[in-house]
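Enquirer: Please find one structure pasted underneath; my questions will follow.
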Amino acid sequence: MRYRIKHITRYNYAARVTRCYNLANVIPRDTARQRCLSNRITLSPLPSTTHKRTDYFGNKAFHFEIQKAHSELSITAVSEVEVADNDNAPNLDLGIAYKDAQEYFRKSSKPEIIEAREFLLSSPLIETSDVLADYARPSFDPKRSLKSCVADLTRRIFREFTYDPHFSTIATPLADVLKHKKGVCQDFAHLEVGCLRAMGIPAKYVSGYIETLPKPGEQKLVGADATHAWIAFFCPEEGWVEFDPTNDSMAGNQHIVTAFGRDYFDVTPLRGVIFGGGAGPALSVSVDVSRMAGPQA
Amino acid sequence: MPNPVTSTEPGQSQSQTQVVPLLPLEYKSHSDLLDDACTPQGSIKPEWEYMLGGLRDLGPEALRERAQKARRILRDDGATFNIYDGEGGPGGSWELDPVPYIIGSEDWARIEAGLLERSELFNLLLRDLYGPRTLLRHGLLPPEALFSHGGFLRACQGIQMPGEQELIVHAVDMIRRHDGTMCVLSDRSQAPAGAGYVLENRTVMSRVFPSLYRDSHVHRIASFYQRLRHKLISLSPSDEAPLIALLTPGGQNEAYFEHTYLASYLGFSLVQSGDLMVRNGFLWMKSMDGLKRVDVLLRQIDDAFCDPVELRSDSRLGVPGLLEVVRSGRVVVANPLGSGVLENPIFLKYLPGISKSLLGREPRLDSVQTWWAGDDDDLEFITANIRELIIKPAYRGTGISSVWGGDLNDEELNKLLATVHSKRYQYVAQERLQKPHIPSFANGALEPRPALLRTFSVASDGTSYKILPGGLTRIGTDTGSGVISMQSGSPSKDTWVTASEQERTASIDSVPDSARIAADSPLLSLPSRVVENLYWMGRYSERAEAALRLLRTVFVLLRGEEPISPNAQKILLHTVSDITATLPGFTIAPQELLANPDEELLDIIRDGSRAGSVKSTLNSMLASADESKELLSTDTTRVINDLRDAMVELDVVLDSGLTSAPEEALDPLVTTLTALSGLMHESMVRGIGWRFMLLGKRIERSLQTLNTVRCLATPVVDDADQTTLLNALLVSMEVLITYRRHGRQRRGIELGLELVLLDDRNPRSLLFQLEQLQQHLAELPKAETKPGELAEEDRALLEAMTSLRLARLPQLLETSSPTREELGQLLLQLKQLLQEFNRIISDKHFDHRTDEQHLVTSFWGEQ
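Residue numbers (our numbering), protein chains in the order written: chain A, 1 to 297; chain D, 1001 to 1863.
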């Protein structure tokens, strides 16, 4: 499937911003199941310098500096991404058992496992803990396949937690999310990543987009799509496998990855320092994910 | 008086204060303590004999005097190490024990070889950790040891410096063990503190013990700093003469003295966060003549604080966007951002294997034995032996300090163990080594004190390093004390690597240590913040002086033999409130307060929390002086020290209220300020900083003169009061003598005003100030103007000058109302013009920084 994604981030300031320095993670990276065909970023006002680079996690980081006074900043990223179709649902019961996988991560000296062990540790926004392990344990039967254990955990989070955009902020600790069983996709992804790490499974946070389809007979609204977050865990046979706890699914051809990281901290869509700006900059984000016609590449 | 006793004249000090008979200065080791100056049998080691013999000849009294002299020099140099004791402001002088730590040159050669190897090793380690990470892949370092460490900055992956060396400065803390070898306790790879203090210690020691120092043939240290300077210059990405800046957190930092000292010794610009900005992909310093491109930054702040965009977002010490400039190679930061990862003590456990892999052999210098709780066997060992171990966090940035298990009770131990088990990757345990003792001067005798040595390496040519011979020795405050830390007030020592007999004939290093490498070097450029602070130093010093002179005058008049009228008293007191800007103060005071003004006057002098009080003005001046410390001469620092003393002294004198002659209590302050004023004229380089300092002084003095004249000369009063007020004006403006010399013919207010306002021979007159301002203005950097067109500031000043010159005094003084309105009008007009002038100058030349804030998108955006 081929997608065109238009992601607009806009800031309105109460007072003039004289200059700013920013780092944006809005360019979809290549992964095992997707390729970014093109990407164009438009900034207003015009930047004095820009720089694209591949960061530590293999993501596409975009840096820019603006030296022109402004009271509105907008970043428009337009990307075309080819996502591989995975029509036949995999049999989750096959593959390495949880217990063997856990053992494997501890003992293997393969370079990819050594690297994956970074994703077993606590990270800036995810502190692994016994509480998380206690929550996750019922899903992890040592003899079951690792994939079906993760699928079970994903389903439990989907079923037991309520999607509530008013409950949490980026600063809400995982313990609160777990206690109140509320949050948004970012919280669910953080929670699942934390649970997996606590159970000895390397897990990443994935940021990206998800295509939403209108109800039958309704017109799709412009800007109605959203940035989204899910998880990836390391499976000894297949490498990184993505699950989406907000939708109780594996990441399929409607999930478009922007970036992988230890947690949200590593892949924040836009961060930076502004000079001036006054109180409470107002942020608005709009995302459109549309299918493109044309031959498969 | 100190007696000039030298080591060649065996010292019988003739000090008159002594009552105790002199005991010879003999050093005795404690039999149960490890001692680095004595053999286990208690005899002095050969390399120590010469120096200790010299001290023995000197005797305790003379040594005490030398120690005092050392303290005086340190004080005059402004050598401080700020210790935060919870009482707010920084304080604390740098402590130097007068007995050096001696290391023989053969012994040193072994240590040096070990250090050279260690710095090379750590350099390779750094390159691997931010590069291919082969050590992880080859199983020489568990991934958790790196990935869980707070010093591993992922944003710094792949950044490379020109050349083979990433690690530019490397410091190592070590102690001597029983078998005579050195053992490394920790490595410092961020911005190791101490190299500046080493230089200061050496400078002081060579002055205080000239012959002992000379005859001990101590290895010189100056070439270390030259290497550092050359290395930094060689890193510059620019083809032109590089601008190298030393980035300090500022005057509140504990080691600020060292930053100012090193910057000035090396000829680098001393900058703070606000002096720098990233623009168009380059790093710039805001200087008086515009933005100057910075090529190399020697940072004195931890890497995580250097760029709030990509690293710690709560940092106000760094420069937003810096990391991107570093990535593009347009500025080089030393040590490189990310180098803090090398301070990870977990590496010590794996160092032999790492060294074999990177260098092909095990390190020559041992490190303290380290167990990592992240390793299963080690965790078991730690759990079983916690009472015998030092437990410390792997990452210093957590703010958790290390503890000795033996100091804890059962409950605390269990708590600590629980923490270690739950965050096992974050903790290490280390064996506790007995610290060696060395002779130190305490209680009039040589006593053993535990010692710790910090050495310094600097990247040199190719892949090699240069080691500073010796280093910074720190000692415990008591015999057997376990803790040595600068923050807890541990004194320091100079470290002498002394040549053996044969070597003494050959010259070791020709560069004298005290020579400043590069005063007025082309690398030096002033950030505008420093210049602005000099300007404020000028203004505050003048403001304080004006207030003090007026207060002194008022005290004399209020307590004089001839009583003055209540009206004159009222006007004088109003003037005090007005001049010090401690309004409303006396201006709304009831009659009783005006009759009993002591308490308010006392307040105006010593209440530091009240804006405008003498104390608060002086504190502001001292703060400005601190910000421009690197430009002040030693003499100026000395006078500033005197000023601090005079302020303390005044507090003591005024503690029980105003004395019968309070004006005398103010004299020392006035004298010191006058001395400072003299030094500003006589001992500062006529650079842009000097111009702004004097500009500040002249502007302040003009404004104060206008205010004083308005307060004292515009009210129309009876003859007796007129005499009192005129007297006050003349005395506080220092023109009474000139006034009297004019003889009986011309007296009265007209002559007084002429002297104070219009006499261009009187350096305190207003006209004189304006002329001086014109001269300074002519020398300032300026934007181009069209022919015949005046710049705004020239215009304002010329208008003030002209209005003053056109004034006719007799006409101004004529009046029928209770105030001299025309005079008042003129004074007001002049004041407005001068304020306008001041505004233009500061807008043009000083940086007005807008607040920065952090921007992070919340994930779900518009929801």
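By construction, the Cβ of each residue, glycine as well, lies at the ideal position given by its N, Cα and C atoms.
(1) Assuming residue 68 of chain A and residue 90 of chain A make a contact with CB atoms under 8 Å, what is their CB distance in whole Å?
(2) Mark residue 40 of chain A as exposed unless 16 or more other C-beta atoms lie within 10 angstroms of its C-beta, in which case mark it buried.
(3) Could you say which of D/1302, D/1785, D/1329 lies nearest to residue 1162 of chain D if we only look at CA atoms?
(4) With residue 12 of chain A as the anchor, note down where its beta strand (DSSP E) starts and where it stops.
(5) So if I threshold CB-CB distances at 7 Å, which residues from the stretch 82 to 116 of chain A count as touching chain D?
(6) For residue 1665 of chain D and residue 124 of chain A, what's the separation of their Cα atoms in angstroms?
(7) Can you give me the C-alpha to C-alpha distance between residue 273 of chain A and residue 1379 of chain D, rounded to a whole angstrom?
(8) Where does the unbroken alpha helix (DSSP H) through residue 1825 of chain D begin, and where does it stop?
(9) Helix, strand or coil: how does DSSP classify residue 73 of chain A here?
(10) Along the alpha helix (DSSP H) that carries residue 1441 of chain D, what are the first and last residues, could you check?
(11) Pick helix, strand or coil for residue 1634 of chain D, following the three-state DSSP scheme.
(12) Kindly indicate the opening and closing residues of the alpha helix (DSSP H) around residue 1567 of chain D.
(13) Looking at the structure shown, is residue 260 of chain A part of a helix, part of a strand, or coil, going by DSSP?
(14) In the DSSP assignment, find the beta strand (DSSP E) that holds residue 1430 of chain D and state where it starts and stops.
(15) Listing by chain order, which chain A residues have their CB less than 7 Å from the CB of residue 1157 of chain D?
(16) Following the continuous beta strand (DSSP E) through residue 1101 of chain D, name the residue where it begins and the one where it ends.
(17) Whose CA, out of D/1551, D/1649, D/1151, D/1568, lies closest to the CA of residue 1601 of chain D?
(18) Identify, in the order they occur along the chain, each residue of the same chain with its Cβ nearer than 6 Å to the Cβ of residue 6 of chain A, setting aside the five sequence neighbours on each side.
(19) Touch check for the stretch 261 to 280 of chain A and the stretch 179 to 197 of chain A: three-plus C-beta pairs under 8 Å?
(20) When the Cα atoms are used, what is the spatial distance from residue 1183 of chain D to residue 1115 of chain D?
(21) Considering only the alpha carbon of each residue, which of A/241, A/267, A/270, A/245 lies closest to residue 86 of chain A?
(22) Does the separation of the CB atoms of residue 227 of chain A and residue 165 of chain A fall below 8 Å?
(23) Mind checking the stretch 261 to 275 of chain A against chain D and listing, in chain order, the residues whose C-beta falls within less than 8 Å of any C-beta there?
(24) Can you pull the chain D residues whose beta carbon is under 9 Å from the beta carbon of residue 67 of chain A, in chain order?
(25) Ends of the alpha helix (DSSP H) at residue 285 of chain A?
(26) Please name the residue in D/1352, D/1407, D/1398 whose C-alpha comes closest to that of residue 1390 of chain D.
(27) Quick one, are the C-beta atoms of residue 1285 of chain D and residue 1276 of chain D less than 8 Å apart?
(28) So with CB distances below 7 Å, who are the chain D contacts of residue 23 of chain A?
(29) Here's the rule: buried if 16 or more other CB atoms are within 10 angstroms of the residue's CB, otherwise exposed. What is residue 1659 of chain D?
(30) Would you kindly report the start and end of the unbroken beta strand (DSSP E) that includes residue 1448 of chain D?
(31) So, with DSSP's three-state summary, where would you put residue 1870 of chain D?
(32) The stretch 39 to 64 of chain A: which residues have C-beta closer than 8 Å to a C-beta of chain D, in chain order?
(33) Grouping DSSP H, G and I as helix and E and B as strand, with all else coil, what is residue 1367 of chain D?
(34) At which residues does the alpha helix (DSSP H) containing residue 1051 of chain D begin and terminate?
(35) Check whether the Cβ of residue 1154 of chain D lies closer than 8 Å to any Cβ atom in chain A.
(36) To be precise: take each residue of the stretch 1126 to 1152 of chain D, compare its Cβ to all Cβ atoms of chain A, and keep it if any distance is under 7 Å. Which residues remain?
Expert: By the coordinates alone:
(1) In fact, because the Cβ distance is near 51 Å, the residues do not count as touching under 8 Å.
(2) exposed
(3) D/1329
(4) 2 to 27
(5) 109, 111, 114
(6) 59 Å
(7) 42 Å
(8) 1821 to 1845
(9) strand
(10) Unbroken run through residue 1441 of chain D is the beta strand (DSSP E), 1437 to 1442; no alpha helix (DSSP H).
(11) helix
(12) 1566 to 1580
(13) strand
(14) 1427 to 1431
(15) 56
(16) 1096 to 1104
(17) D/1551
(18) 78, 288
(19) yes
(20) 11 Å
(21) A/241
(22) no
(23) 264, 266, 268, 269, 270, 271, 272, 273, 274, 275
(24) 1279, 1280
(25) From DSSP, residue 285 of chain A is part of no alpha helix (DSSP H) but of the beta strand (DSSP E) over 282 to 291.
(26) D/1407
(27) yes
(28) 1309, 1310
(29) exposed
(30) 1445 to 1459
(31) Past the edges of chain D, shown from 1001 to 1863, lies residue 1870 of chain D, and the structure says nothing about it.
(32) 48, 49, 51, 53, 55, 56, 57, 63
(33) strand
(34) 1046 to 1076
(35) yes
(36) 1136, 1137, 1139, 1143, 1144, 1147, 1148
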